[in-house]
Structures are given as C-alpha cells and as structure tokens.
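Residue numbers (UniProt numbering): 1 to 438.
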C-alpha cells in the first residue's frame with residue numbers, strides 16, 4: 001500500500017515537471033519569434049543568407065553588445081582663431097538724472113504746459129502758479145525801497161551841509177558824526193529793501209515752474225485748480241534724463257582681474273545690452289565707472305556702463321542682459337562646445353583617429369561662449385571631434401561619419417534596430433522583382 005502511494009506521488013511530480021518545461025519552451029519560442037529585429041516570416045534561400053549575415057554583423061540582439069558594425073556620428077573640425085571673452089550679467093537701466101519737479105512757492109495751480117510722456121528741454125515751461133499775490137508783494141517791496149532811498153538821499157544832503165559848516169567851525173563835531181551815522185543807517189535800510197525786492201521777484205519767477213533738465217516727463221500728479229504748497233511732498237511731475245542713460249550691473253570678484261587690468265589701462269570696454277530673452281541687441285555702450293568696494297554679502301563688484309540711447313530703446317528701471325567684452329584672445333584653439341564630454345576622469349572628447357575609428361582625448365579647457373570653447377591643452381587645429389552619436393562610443397570604436405543629424409541614433413539601440421529591420425527587406429524586394437519579371 002505504501003509503495004503504491006509513493007509511485008503515485010512520483011508520477012504526479014513528473015507530470016508537473018514536464019508541464020512546466022513545456023510552458024518554458026512555449027514562452028521561449030514566442031520570445032524568439034516576436035523579439036525586435038527577429039525574422040517575421042521564414043526567409044527563402046537568399047533571404048536566409050542575408051538574415052544570417054545581419055544576425056552576425058548587424059546584431060540581432062540590440063542592447064546585449066552584439067553590434068559590430070560602424071556607429072554613425074557627426075563630426076566637426078577644431079579650428080584656430082580669435083575668441084572674444086565676454087562676461088555676462090543681469091543689469092538694471094538707470095536714468096542719468098531723475099528730477100521730482102515740485103513748486104517752490106504756494107498757491108493755486110492755474111496752468112499745465114506739458115503733455116504726459118513729452119520730451120522737454122531745460123528751461124521749458126511746465127506749469128504756472130497764480131502769480132497775483134507775488135506781484136503785489138513785489139510792488140510793496142519796491143514801494144518801501146523807494147521810500148527809504150528818498151530818506152537816504154535827504155540824509156546824504158544834510159551830511160554834505162554839515163561838513164561845510166564844520167569846516168567853518170560853525171557846528172560841533174558831534175553833529176557831523178550824527179549826520180554821517182544817519183546816512184549809514186539809511187544805506188543799510190535801502191540794502192534790506194533791495195533784498196526784499198529781489199526776493200519778491202524771485203518768488204514771482206518761481207510761480208512759473210520750468211524744467212531743470214532735458215528729459216522725458218512722466219505722468220502728471222496734480223491737476224489744474226489744486227492748491228500747491230512750497231516743497232510739497234507730491235511732485236508735480238517726474239523728469240528722467242534718458243539721453244545718455246546708464247546700466248548698472250555686477251560681476252563676481254573672480255572675474256575682476258581681466259576687467260580691471262583693461263579698464264585701468266585706459267581701454268574703452270564695449271558693453272552690450274540685450275533684452276530679457278537674450279535674443280535682441282538693444283544698445284551698445286562703454287564701461288563708464290566702477291564701485292570702490294566689493295559687496296561682502298554677494299562677493300560682487302558694481303559697474304556702470306553708459307549708452308547714448310538715441311533711439312530711446314532703454315527705459316529707466318528696465319532689466320537687461322549685459323555682455324561686457326573684457327578681452328579678445330588671439331589665435332587660440334576652439335572646439336565645439338557640444339563635442340566636449342565630462343566624466344569622472346575629467347573633461348574629454350571623442351576625436352577621429354583616421355577616418356573610421358575614434359579615440360578619447362583628455363582636455364584642459366578655458367572660456368566658453370556656448371557655441372565654442374577654448375581648449376588650452378589636448379587638441380590642435382584640424383582635429384575632428386564627434387558632435388552627435390557619443391552614447392555608444394568608447395576607445396577605438398569604429399564609426400561612420402554622416403552629414404545629416406537625422407541619421408545619427410538618438411538612443412543606444414536605435415541604430416541596431418534600424419539596420420536589422422532594413423537589411424532583410426532588400427533581398428525580399430529583389431526576389432519580388434525577379435518573380436514579376438519572370
């Protein structure tokens with residue numbers, strides 16, 4: 001009884017093992033049939049040979065390192081030339097002068113002589129305060145001056161008379177001295193009255209508010225009919241001098257050596273102002289001045305550039321991208337920035353060795369402008385470096401140089417899949433053509 005049950009258990013285990021093996025074989029067959037790049041149908045005699053060739057050389061198993069064919073790449077030459085050394089920064093446009101126009105006398109605002117946003121010249125009339133109170137004050141001061149001038153004249157006549165009498169010994173010396181003192185007193189009074197007249201004239205002139213500088217007027221803050229106080233907190237208008245105009249920007253302290261050396265030598269360093277998108281050049285100017293100390297919180301030094309701004313392309317408080325041309329490096333080696341790779345062992349490129357293979361060259365690089373990079377060591381003019389197709393490259397890889405970027409694989413397996421799918425179709429097309437001709 002025991003032997004019978006043991007035999008039954010062994011028989012069941014054998015069937016389970018056979019069934020599992022069958023399932024594995026079926027899955028393997030399906031995987032082989034539907035594997036990417038695998039044969040979709042049974043090829044003919046000519047197709048078998050072509051498929052076998054593709055399987056050996058093209059690699060029917062992408063991703064497993066079975067590819068031995070050349071890898072398509074795009075290359076570019078290393079050149080020698082001049083490299084403009086630009087320093088980039090974010091700058092703020094500032095007006096050369098900004099004036100808050102306020103009234104220097106009080107009264108009713110009776111006239112506004114400017115349009116909002118208008119360009120005005122220094123001395124142009126902007127507004128007018130009611131002048132009548134100040135005209136009356138001027139007349140009063142002039143009347144007081146005339147009165148005291150008459151008294152001064154009378155005292156001077158008396159003084160001359162007393163001098164004659166004193167010479168004849170007809171009056172005492174004290175009388176002559178008193179007359180002289182009275183003349184001096186009236187002379188002081190006349191000067192005071194003259195100052196009052198001048199002050200009244202000045203106040204009357206201040207009722208006509210004029211532009212102190214040439215610039216653009218902003219939006220007006222007060223309307224006709226408002227009572228204006230002298231030196232009121234509310235400005236009548238704001239004038240900004242926009243021709244010329246300045247841009248303030250900062251540079252990190254580790255970039256200062258080259259800039260300061262050129263600036264102190266008297267060179268006029270060009271400074272370009274680009275829009276926020278860094279697409280359009282808005283104005284070109286020169287470096288005007290620099291600050292006298294580095295900001296300890298940011299480690300930067302403040303600079304100011306000046307622009308003529310004849311086309312009014314720059315506005316105060318506008319943000320721009322600044323490009324300062326610090327120097328021009330002559331006859332340096334330039335490599336495309338896209339070809340430079342960064343790895344754990346440093347900076348390197350894949351350079352062509354002959355026409356079919358690549359080799360790794362370690363580099364020492366300098367400044368870069370995004371498109372080209374200065375190479376100080378590792379490359380020479382005339383070398384060719386790989387721009388696209390570096391994903392599958394290694395030392396000594398065989399490559400095929402192509403001119404169209406669409407022919408370069410974007411993933412490590414794309415080239416293998418494309419070749420294995422395209423190769424079997426050519427014999428099949430040829431066979432079809434033969435059968436059609438027959």
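C-beta: ideal position from N, C-alpha, C; glycine also.
Look at the beta carbons and you see the region 381-393 touching the region 346-359: at least three pairs across the two are nearer than 8 Å.
Following the DSSP letters along the chain, one finds residue 100 inside the beta strand (DSSP E) bounded by residues 79-101. Our two residues, residue 116 and residue 218, have alpha carbons roughly 6 Å apart in a direct line.
For the pair residue 229 and residue 101, the Cα-to-Cα distance works out to about 13 Å. About 6 Å separates the beta carbon of residue 242 from that of residue 215, a gap short enough to meet the 8 Å contact definition. For residue 119 and residue 232, the gap between their C-alpha atoms comes out near 24 Å. In this structure, residue 397 sits near residue 358, with a CB-CB distance shorter than 8 Å.
Counting the other Cβ atoms within 10 Å of the Cβ of residue 160 gives fewer than 16, which makes it exposed. For residue 252, no alpha helix (DSSP H) encloses it; the enclosing beta strand (DSSP E) starts and ends at 237-252.
Inclusion of residue 195 and residue 137 in the CB contact set at 8 Å is not warranted, their separation being larger than that value.
Residue 156 carries a helical assignment under DSSP once its states are collapsed to helix, strand and coil. Counting C-beta pairs closer than 8 Å gives fewer than three between the region 134-150 and the region 170-178, which falls short of the contact rule. Ranked by Cα distance from residue 113, the options 92, 103, 128 are led by 128.
Nearest to residue 309 by C-alpha distance, out of 96, 72, 28, is 96. The region 272-359 contains, as complete beta strand (DSSP E) runs of 3+ residues, the segments 281-290, 300-307, 319-336, 341-343, 346-353 (chain order). Residue 165 and residue 156 have their C-alpha atoms roughly 15 Å apart. Taking each of 284, 236, 123 in turn and checking the Cα distance to residue 105, the smallest one comes out for 236. In the DSSP annotation of this structure, the continuous segment of the alpha helix (DSSP H) that includes residue 196 starts and ends at 173-206.
Taking residue 252 as reference, the option from 239, 324, 206, 265 with the minimal CA-CA separation is 324.
Note on geometry: alpha-carbon atoms of residue 182 and residue 140 lie some 24 Å from one another. Around the beta-carbon of residue 240, 16 or more other beta-carbon atoms lie within 10 Å, marking it buried.
As a beta-bridge residue in DSSP terms, residue 361 pairs with 349. Using a Cβ distance threshold of 8 Å, residue 372 and residue 316 do not count as a contacting pair.
Under DSSP, residue 372 takes part in a beta bridge, and its partners are 336. Under DSSP, residue 112 takes part in a beta bridge, and its partners are 127. For residue 387, the enclosing beta strand (DSSP E) begins and ends at 384-388.
Residue 269 counts as buried, since at least 16 other C-beta atoms from the protein chains shown sit within 10 angstroms of its C-beta. In the DSSP assignment, residue 262 falls within the unbroken alpha helix (DSSP H) covering 256-264.
Rounded to the nearest whole angstrom, the CA to CA distance from residue 72 to residue 394 is 13 Å. Residues 352, 384, 385, 386, 387, 401 of the same chain have their beta carbon placed closer than 7 Å to that of residue 75, with the five preceding and five following residues left out of the count. Assigned with DSSP and collapsed to three states, residue 225 falls in coil, not helix or strand.
Remark: C-beta atoms of residue 202 and residue 109 do not approach each other more closely than 8 Å.
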